[in-house]
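One structure below.
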Amino acid sequence: MSHKKVRVRFAPSPTGGLHLGGVRTVLFNYLFARQHKGDFVLRIEDTDQTRYVPGAEEYIYECLRWCGLNPDESPEVGGPFAPYRQSERKESYRQYAEQLVKSGHAYYAFDTQEELEEMRTRLKTPENPSPQYNHEVRKKMRNSITMEDAEVQDLLAKNTPHVIRINMPANIDLTFTDMVRGEVTFNTSTVDDKVLLKADGMPTYHLAVVVDDYLMKITHAFRGEEWLPSAPVHILLWKYLGWESHMPEWAHLPLILKPDGNGKLSKRDGDRLGFPVYAMNWTDPKSQELTKGFREMGFLPEAFINMLAMLGWNDGTGQEIFTLDELIEKFSIDRVHKAGAKFDFEKAKWFNHQYILHKDNETLASLFQPVLDEKGIKADLPYIVKVTALVKDRCYFVNDIWEHGFFFFERPKGYDEAAVLPKWNDDKAAFFSAWSEQLVGLTSASDVELENAFKALAAERNLKMGDVQLPFRIMLTGGKFGPPVFNIVATLGVEETRARIANGLAAFTK
RNA sequence: GCCGCGUUGGUCAAGGGGUUAAGACGCCUCCCUUUCACGGAGGAAUCACGGGUUCGAUUCCCGUACGUGGUACCA
Numbered sequence: 196m197s198h199k200k201v202r203v204r205f206a207p208s209p210t211g212g213l214h215l216g217g218v219r220t221v222l223f224n225y226l227f228a229r230q231h232k233g234d235f236v237l238r239i240e241d242t243d244q245t246r247y248v249p250g251a252e253e254y255i256y257e258c259l260r261w262c263g264l265n266p267d268e269s270p271e272v273g274g275p276f277a278p279y280r281q282s283e284r285k286e287s288y289r290q291y292a293e294q295l296v297k298s299g300h301a302y303y304a305f306d307t308q309e310e311l312e313e314m315r316t317r318l319k320t321p322e323n324p325s326p327q328y329n330h331e332v333r334k335k336m337r338n339s340i341t342m343e344d345a346e347v348q349d350l351l352a353k354n355t356p357h358v359i360r361i362n363m364p365a366n367i368d369l370t371f372t373d374m375v376r377g378e379v380t381f382n383t384s385t386v387d388d389k390v391l392l393k394a395d396g397m398p399t400y401h402l403a404v405v406v407d408d409y410l411m412k413i414t415h416a417f418r419g420e421e422w423l424p425s426a427p428v429h430i431l432l433w434k435y436l437g438w439e440s441h442m443p444e445w446a447h448l449p450l451i452l453k454p455d456g457n458g459k460l461s462k463r464d465g466d467r468l469g470f471p472v473y474a475m476n477w478t479d480p481k482s483q484e485l486t487k488g489f490r491e492m493g494f495l496p497e498a499f500i501n502m503l504a505m506l507g508w509n510d511g512t513g514q515e516i517f518t519l520d521e522l523i524e525k526f527s528i529d530r531v532h533k534a535g536a537k538f539d540f541e542k543a544k545w546f547n548h549q550y551i552l553h554k555d556n557e558t559l560a561s562l563f564q565p566v567l568d569e570k571g572i573k574a575d576l577p578y579i580v581k582v583t584a585l586v587k588d589r590c591y592f593v594n595d596i597w598e599h600g601f602f603f604f605e606r607p608k609g610y611d612e613a614a615v616l617p618k619w620n621d622d623k624a625a626f627f628s629a630w631s632e633q634l635v636g637l638t639s640a641s642d643v644e645l646e647n648a649f650k651a652l653a654a655e656r657n658l659k660m661g662d663v664q665l666p667f668r669i670m671l672t673g674g675k676f677g678p679p680v681f682n683i684v685a686t687l688g689v690e691e692t693r694a695r696i697a698n699g700l701a702a703f704t705k
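Here the first sequence stands for residues 196 to 705, numbered as in my numbering.
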């Protein structure tokens, strides 16, 4: 078992944007595979044809590319176990379902939707609000257990719509070991006769996941905790199909919850609370509704991944910033938390901030350039790099470079007059005129030289630095913000600075 | 309702029979800075409750409460 090559899979159904919990599942799969020199496969679980959403599959590929978590095998890149799209494997499932019928572990059921509904409403009581099609109920339904063999054969011969259901044992305790939770026990009496093969011939998730994990030689299965209650179905299927010794080890990952309580985080919460839930922007092809993504919000993929890794896992040392390679090296499934975690967007922002702080200015600047392009502002890269270096300290997102440095690209549209006017006087106006003249000779001065010259001039005219530096800043930026004044001057250049002094002087001297 | 899983500051969490119960985010104070950040130093704030077991439980066991997931021909 231990010498088997590790193979893991991420198996999303292409029904919309990829949720951050999904990306975390990808991450854990990926880390585990890389750490064990194994394979990471992407399998598309598109067995529900009624939920097919165009574009969702391509979106998933793009997400994984952006995150840098590329699969070794997938519908896109192929692989030795192709096809990787379950709809294309349709034909392979029926035989296994039939095999289960033959061995008595499954049966044909001919109940119509209406009959099922009727059964549920009839059996529904306050004590049992959701009646299940189980070992008791099946005795009163239309299936190959209650009907005569001849009748069943007849219905089958006439192509009567039917499903195949698992025949859950009435009362056995099923225990298995989960890598995250340890021993977990279920009694089969509490689980229903799940449909294995639908009337349209497609398998349900329950059958497909077992058959494909077997066929694709999956050794470890990671999935969200919401799957835990159906684990007994899957385990029994492995057993009934005769593959028990090949069954993967299970790991049910804790859920990511809403920040304000009450359930799993959903895309609606993002809209409601103002942060992304999907990895990238997703536009619903039907409604054209746009759901915002982390990528477009200005998250760096490394930061996004790092943040996700810490949601439910830590290495025990207190370290929080990890490169992907470090994560591959240090990740361990026994250090995955059992309890769900409320998502904290403030912490997510902090991660991105850390990555921005340590990212080189050239990369940041080129990521920022499109923002300028969009605004129709032309600036060359070296200049953007200088600006980036000056403002990145206060940026949580790449896009924030604009918010904190817009005045490097356009002149102030207005001034914080309340901060200047009350203390404005002729002496100060004269000082700035003189300073502007002096600047002509300082075209290649450094920020420090500029500051010294400014200080000397102020002293000469009996003005305190504090009295003139703030007005100067406001002339240049419009307000009480931005990097150190003389860095701004050095970046803007003498010519532009003089123009702004002139404008400021005009505005303040009314 | 039933079944499963869980519960350490507001949030993420380390720890796991004897500790001043780490650390991070956020919040607050101060220093640096004649803006704001960055950086630095501090601060407030935690073992859900009740029973056991034990010389001793935050830690182990059992209950309760609460949270969360499932209970589909969805995944």
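Note that CB positions come from ideal geometry on N, CA and C, so glycine has one too. The model shown is predicted, which means the values in this text are computed figures rather than measured ones.
Under a Cβ-count criterion, where at least 16 other Cβ atoms within 10 Å of its own Cβ denotes burial, should Arg229 be classed as buried or exposed? Here residue 229 corresponds to residue number 34 of the first sequence, with the count starting at 1. Residue environment for Arg229: buried (at least 16 other C-beta atoms within 10 angstroms of its C-beta).
Can you give the beta carbon distance from Phe417 to Leu448, rounded, assuming they're within the 8 Å contact cut? Counting from 1 along the first sequence, the entry for residue 417 is found at position 222. Counting from 1 along the first sequence, the entry for residue 448 is found at position 253. Phe417 to Leu448, Cβ: 6 Å. Contact.
Does the distance from the C-beta atom of Leu226 to that of Ile516 stay below 7 Å? Counted from its first residue, the first sequence places residue 226 at position 31. Counted from its first residue, the first sequence places residue 516 at position 321. For Leu226 and Ile516, no; Cβs fall outside 7 Å.
So, at 8 Å on beta carbons, what are the nonlocal neighbours of Lys319 in its own chain, with the 5 sequence-adjacent residues on each side left out? Taking the first residue of the first sequence as position 1, residue 319 is located at position 124. Within the same chain, Lys319 has close Cβ partners Ser325, Pro326.
Determine which residues share a DSSP beta bridge with Arg418 and list them. Stepping through the first sequence from its first residue, residue 418 is reached at position 223. Bridge partners of Arg418: His447.
Nearest to Thr210 by CA position, among Asp243, Arg204, Val248, is which residue? The count along the first sequence starts at 1 and reaches residue 210 at position 15. The candidate whose alpha carbon is nearest that of Thr210 is Val248.
Counting pairs of Cβ atoms below 8 Å between the region 433 to 445 and the region 282 to 297, do you hit three or more? Judged by Cβ distances under 8 Å, the region 433 to 445 makes contact with the region 282 to 297, as three or more pairs qualify.
Assign Ser339 to buried or exposed, taking buried as 16 or more other Cβ atoms, counted over all protein chains shown, within 10 Å of its Cβ. Taking the first residue of the first sequence as position 1, residue 339 is located at position 144. Looking at its Cβ environment, which holds 16 or more other Cβ atoms inside 10 Å, Ser339 is buried.
Determine contact between the region 393 to 409 and the region 236 to 248, defined as no fewer than three beta-carbon pairs at a distance below 8 Å. In short, these stretches touch, since the Cβ pair count reaches three.
If you draw a straight line from the C-alpha of Gln549 to the C-alpha of Asp388, how long is it? On the first sequence, position 354 is the one that residue 549 refers to. On the first sequence, position 193 is the one that residue 388 refers to. Distance between the alpha carbons of Gln549 and Asp388 is about 50 Å.
Beta-carbon spacing of Leu215, Cys258 below 7 Å: Within the first sequence, numbered from 1, the residue matching residue 215 stands at position 20. Within the first sequence, numbered from 1, the residue matching residue 258 stands at position 63. Not in contact: Leu215 and Cys258 (Cβ atoms no closer than 7 Å).
Determine contact between the region 637 to 644 and the region 680 to 700, defined as no fewer than three beta-carbon pairs at a distance below 8 Å. As far as the Cβ criterion goes, the region 637 to 644 touches the region 680 to 700, which means the pair count is three or higher.
Rounded straight-line distance, which links the Cα of Gly600 to that of Thr583: Taking the first sequence and counting its residues from 1, one reaches residue 583 at position 388. Taking the first sequence and counting its residues from 1, one reaches residue 600 at position 405. If you draw a straight line from the Cα of Thr583 to the Cα of Gly600, it comes to about 8 Å.
Do you know offhand how far Val689's Cα is from Tyr591's? Position 494 of the first sequence, counted from the first residue, corresponds to residue 689. Position 396 of the first sequence, counted from the first residue, corresponds to residue 591. Val689 and Tyr591: Cα-Cα distance of roughly 30 Å.
Count the CB pairs spanning the region 200 to 207 and the region 374 to 391 that are closer than 8 Å, and state whether there are at least three. Under the Cβ criterion (8 Å, minimum of three pairs), the region 200 to 207 does not count as touching the region 374 to 391.
Straight-line Cα distance separating Asn698 from Asp455: Within the first sequence, the letter at position 260 stands for residue 455. Within the first sequence, the letter at position 503 stands for residue 698. In this structure, the straight-line span from the alpha carbon of Asp455 to that of Asn698 is close to 49 Å.
Answer yes or no: do Phe470 and Phe540 have a C-beta to C-beta separation smaller than 7 Å? Mapped onto the first sequence, residue 470 falls at position 275. Mapped onto the first sequence, residue 540 falls at position 345. In this structure, the beta-carbon distance from Phe470 to Phe540 falls below 7 Å.
Just tell me which of Leu222, Glu691, Arg284, Ser425 has its CA closest to the CA of Trp261. Along the first sequence, one-based indexing puts residue 261 at 66. Closest in C-alpha terms to Trp261, from the list Leu222, Glu691, Arg284, Ser425, comes Leu222.
Where Tyr303 falls: helix, strand or coil (DSSP): Sequence index remark: in the first sequence, residue 303 carries index 108 (1-based). Strand, per DSSP.
If you draw a straight line from the C-alpha of Asn329 to the C-alpha of Glu378, how long is it? Residue numbering aside, residue 329 sits at position 134 when the first sequence is read from its first letter. Residue numbering aside, residue 378 sits at position 183 when the first sequence is read from its first letter. A direct Cα-Cα distance of roughly 25 Å separates Asn329 from Glu378.
So what does Val593 bridge to, in DSSP terms? By 1-based counting over the first sequence, the position of residue 593 is 398. DSSP, once it has assigned bridges, lists no residue as partnering Val593.
Beta-carbon contacts of Phe563 that lie in its chain and below 8 Å, excluding the five residues immediately before and after: Within the first sequence, residue 563 is the residue found at index 368, counting from 1. Once the five neighbours on either side are set aside, the close Cβ partners of Phe563 are Ile579, Thr583, Val593, Asn594, Ile596, Trp597.
Helix, strand or coil: how does DSSP classify Arg246 here? Working through the first sequence from its first residue, we reach residue 246 at position 51. DSSP places Arg246 in helix when its eight states are reduced to three.
Can you list, in chain order, the stretches of the alpha helix (DSSP H) that have 4 or more residues and sit fully within the region 484 to 566? If we require 4 residues or more, the alpha helix (DSSP H) runs fully inside the region 484 to 566 come out as 489 to 492, 496 to 504, 519 to 525, 540 to 553.
Endpoints, alpha helix (DSSP H) assigned at Leu295: Working through the first sequence from its first residue, we reach residue 295 at position 100. For Leu295, the uninterrupted alpha helix (DSSP H) run begins and ends at 285 to 297, by DSSP.
Simplified DSSP assignment, three categories, for Glu655: On the first sequence, residue 655 is found 460 positions in, with the first residue counted as 1. Here Glu655 sits in helix by DSSP.
For Trp619, which of helix, strand or coil comes out of DSSP? One-based indexing of the first sequence puts residue 619 at position 424. Three-state result, Trp619: coil.
For Leu351, is the classification buried or exposed, using 16 other Cβ atoms within 10 angstroms of its Cβ as the cut-off for buried? Against the first sequence, residue 351 aligns to sequence position 156. Its Cβ having fewer than 16 others within 10 Å, Leu351 is exposed.
Can you name the start and end residues of the alpha helix (DSSP H) that Val203 belongs to? By 1-based counting over the first sequence, the position of residue 203 is 8. Going by DSSP, Val203 is part of no alpha helix (DSSP H) but of the beta strand (DSSP E) stretching over 202 to 205.
So, at 6 Å on beta carbons, what are the nonlocal neighbours of Met196 in its own chain, with the 5 sequence-adjacent residues on each side left out? Against the first sequence, residue 196 aligns to sequence position 1. Low confidence applies to Met196: its pLDDT is 48, below 50, so where it sits in the model is not reliable, and the reading given next is rough at best. Apart from sequence neighbours up to five positions away, no residue of its chain approaches Met196 with a beta-carbon distance below 6 Å.
Cβ neighbours of Ala648 in the same chain (closer than 8 Å, five flanking residues each side left out): One-based indexing of the first sequence puts residue 648 at position 453. Correct list, in chain order: Gln633, Leu637, Ala640.
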